[in-house]
Amino acid sequence: STMSRRLSALEQRLNIRLLEKKGRELVATQSGLQAFEVLQSGMESIESGFGQMVSDTQQVSGKIKLALPHNFYCAFVGDVVEQFLVDYPNVSLDLVLSQEQAVPQTDRDLLITFDLAEMNDMIARPLFTARHAFFASPEYIKRVGNVKDLQQLSKLDWVSVDHALDISVYEQERLVDVMTVKPKLIVNDILAVCGAVEKGLGVASLPFRHVHEGMNIVRVLPQYQRSVRQAYLVYKQRRYQPKALTLLVERLMSGVEKMQEPTHFTV
7 STMSRRLSAL EQRLNIRLLE KKGRELVATQ SGLQAFEVLQ SGMESIESGF GQMVSDTQQV
67 SGKIKLALPH NFYCAFVGDV VEQFLVDYPN VSLDLVLSQE QAVPQTDRDL LITFDLAEMN
127 DMIARPLFTA RHAFFASPEY IKRVGNVKDL QQLSKLDWVS VDHALDISVY EQERLVDVMT
187 VKPKLIVNDI LAVCGAVEKG LGVASLPFRH VHEGMNIVRV LPQYQRSVRQ AYLVYKQRRY
247 QPKALTLLVE RLMSGVEKMQ EPTHFTV
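Take a look at the structure:
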């Protein structure tokens, strides 16, 4: 029996007689009965503790940190996290709206980014793609003259969202060039880049989802476009994730579908 096996193992470790033979059966001595009661109480306590641990793991509670650019929050994340907090009142959220990379440090950190540099051993789930083209204000084009080719385009004043100097250029689906540009202005927010371009500070690669016909911009060399950029949802690889993080990841993955990809371009 279970009791006999446990008491036999204890006898060898403690050098105390806990079992005795009565006929053909091994039965517990008085000391053995006392030892088994102690063992049984301890096992029940351990099982209860593990049960509480499992329950705590399954509860949707605790603090989650989410870092992402400000424009992502306005586009779809804001609605998702606000509803998430309503649905799960025991969760608190630390939102960091910044273009700077915030590499996840704990199993409760999430990051939305285009850049997977320094993201080794992380889970990076594709979230959405951003299609880009080249834009400038009519006033800037009037000042520099009509742009006839990519070589001329590369030499203009550039407004950039990051420090990337090499831009892959496609004609439809075919890679035709890799331009090297020299930014006149680098500002780590795409909405600020759009504003600077409208004011005539230079040319920029802008995502179509941030471009509309009411803006003071025109498309430059419309036969060309930048390579499609992929955004990712990044978090630490862990077998047993907090329930709150798992559910928020699922909400973000489904919520991104509300971001409408332009079907035609009016600019």
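Throughout, my numbering is defined as the position within the sequence shown, counted from one, plus 6. Even glycine gets a Cβ: it sits at the ideal position worked out from N, Cα and C.
Relative to T186, the option among R137, F141, L156, S67 whose CA is nearest is L156. Between the alpha carbons of E43 and R30 lies a distance of about 24 Å.
When the Cα atoms are used, A250 and D163 turn out to be separated by approximately 46 Å. Minimum Cα-Cα distance from Q236 among the listed residues L227, F120, L171, G220 corresponds to F120.
It is roughly 16 Å from the alpha-carbon of I173 to the alpha-carbon of L191.
Q178 and Y246 have their C-alpha atoms spaced approximately 43 Å apart. By DSSP's assignment, Q105 forms no beta bridge with any residue. Distance check between V234 and each of C80, K205, F140, P248 places F140 closest, using alpha-carbon atoms only. The criterion of a C-beta distance shorter than 7 Å is not satisfied by V184 and V209. Pairing V109 with L99 gives a Cβ-Cβ distance that is not under 7 Å.
Remark: C-beta atoms of R257 and F90 approach each other more closely than 7 Å. In this model, G201 and V102 are separated by some 23 Å (Cα to Cα). Boundaries for T119: no alpha helix (DSSP H) harbours it, while the beta strand (DSSP E) harbouring it runs 115-119, taken from the DSSP string.
An exposed status is given to L171, since fewer than 16 other beta-carbon atoms sit within 10 Å of its beta-carbon.
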